[in-house]
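In mature numbering (1 follows the signal peptide of the UniProt record, and there is no 0), the protein residues as written are -22 to -1, 1 to 249. Every residue gets a Cβ at the ideal spot worked out from N, C-alpha and C, and that includes glycine.
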Ligand SMILES: *[C@@H]1O[C@H](CO)[C@@H](O)[C@H](O)[C@H]1NC(C)=O
Ligand SMILES: *[C@@H]1O[C@H](CO)[C@@H](O)[C@H](O)[C@H]1NC(C)=O
Ligand SMILES: *[C@@H]1O[C@H](CO)[C@@H](O)[C@H](O)[C@H]1NC(C)=O
Ligand SMILES: *[C@@H]1O[C@H](CO)[C@@H](O)[C@H](O)[C@H]1NC(C)=O
Ligand SMILES: *[C@@H]1O[C@H](CO)[C@@H](O)[C@H](O)[C@H]1NC(C)=O
Ligand SMILES: *[C@@H]1O[C@H](CO)[C@@H](O)[C@H](O)[C@H]1NC(C)=O
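Right under this line is the structure:
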């Protein structure tokens, strides 16, 4: 029992010492993130090297946008700050991160697959940016994900089928991107008691199809269009041939009349 006292003493006082509150992983994470982001309007106050090495003190954060828990960053919320640049893959060094919200900025580049190493991540909100590329299927490895909100970006490719394996997912929104292909049934038609996602989660993607959106639009002409063209051209050829017959009749009638006239004139004696 007595042997534990120094450790307990250490733990109790540690929170007050700046040395204890710095975490090398969080420092690497923040340093790389601030390098990859562009902040043209200087909205990121106190995002400096000296703060990165000492961002958290117990539950106190010295970094606006960051929330701390036991000396580690567990929430990053940098929304509507006109941020540009890209999301650093080194964000994965913030290993205690549970919530990442970078929504409503002007971020470009792709969603780093390295986010898969954030095994505690529950909330991922990157909506309303200019993120391109594909949705990394590796996000499936963040087993605690509750929220994936990627709406209003420029994401391409298909929705990874594996994301349907995230059983805790209660919010999923990829609307208004450039996604294509079938909506995986594991997301569009979830089984059992899993929360369902309706069309509003998927709409605004030109080439995305399948329930809860309409089925695939066949390339080129639809069956209805082909039938329509068939009927239309049939009718048109009928009209044309009918007109042709009429003209032919008229012409022959005229010719016959002429011939008749000719015959008559032949019969008529010349005076
Ligand atoms: C900025 O960071 C320093 C050093 O970590 C800290 O002492 C200060 O309180 C912070 N300021 C704000 C506004 O968070
Ligand atoms: C975003 O920020 C701008 C100005 O910085 C503000 O006018 C606007 O209301 C904010 N939008 C939201 C949704 O917070
Ligand atoms: C930090 O993140 C990078 C990119 O994901 C990775 O290569 C590196 O191993 C990480 N460092 C640590 C200490 O985990
Ligand atoms: C993600 O962020 C946007 C904008 O900040 C917000 O409107 C939206 O509700 C968030 N998504 C979720 C699922 O909370
Ligand atoms: C949804 O799934 C159920 C059973 O899992 C199936 O019977 C049904 O046909 C599916 N609906 C669609 C539109 O795919
Ligand atoms: C679709 O789901 C969203 C929440 O995910 C809800 O706000 C909305 O009312 C639903 N729309 C329809 C038509 O059910």
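Shown here, residue 32 sits in coil according to DSSP, grouped into three states, outside any helix or strand. Distance from residue 101 to residue 69 at the Cβ level is roughly 14 angstroms; contact not present, criterion being Cβ atoms closer than 8 angstroms.
Straight across, the Cα-Cα distance linking residue 44 with residue 138 is about 30 angstroms. The segment 118 to 125 and the segment 89 to 100 touch, with no fewer than 3 CB-CB distances between them shorter than 8 angstroms. Here residue 81 carries a coil assignment [DSSP, helix/strand/coil].
In summary, residue 37 is exposed, with fewer than 16 beta-carbon neighbours lying within 10 Å of its beta-carbon over all protein chains present. In the structure shown, residue 7 adopts helical secondary structure according to DSSP, grouped into three states.
The beta carbon of residue 127 sits closer than 6 angstroms to those of 103, 105 and 151, all from its chain and outside the five residues before and after it, given in chain order. Looking at 170, 65 and 107, the one whose alpha-carbon comes closest to that of residue 146 is 170. Residues 30, 31 and 33 of the same chain have their beta carbon placed closer than 8 angstroms to that of residue 5, with the five preceding and five following residues left out of the count. Residue 178 and residue 144 have their C-alpha atoms some 19 angstroms from each other. In the three-state scheme derived from DSSP, where H, G and I count as helix and E and B as strand, residue 136 is classed as coil.
In this structure, 173 is the residue among 173, 17, 188 and 50 with its C-alpha nearest to the C-alpha of residue 125.
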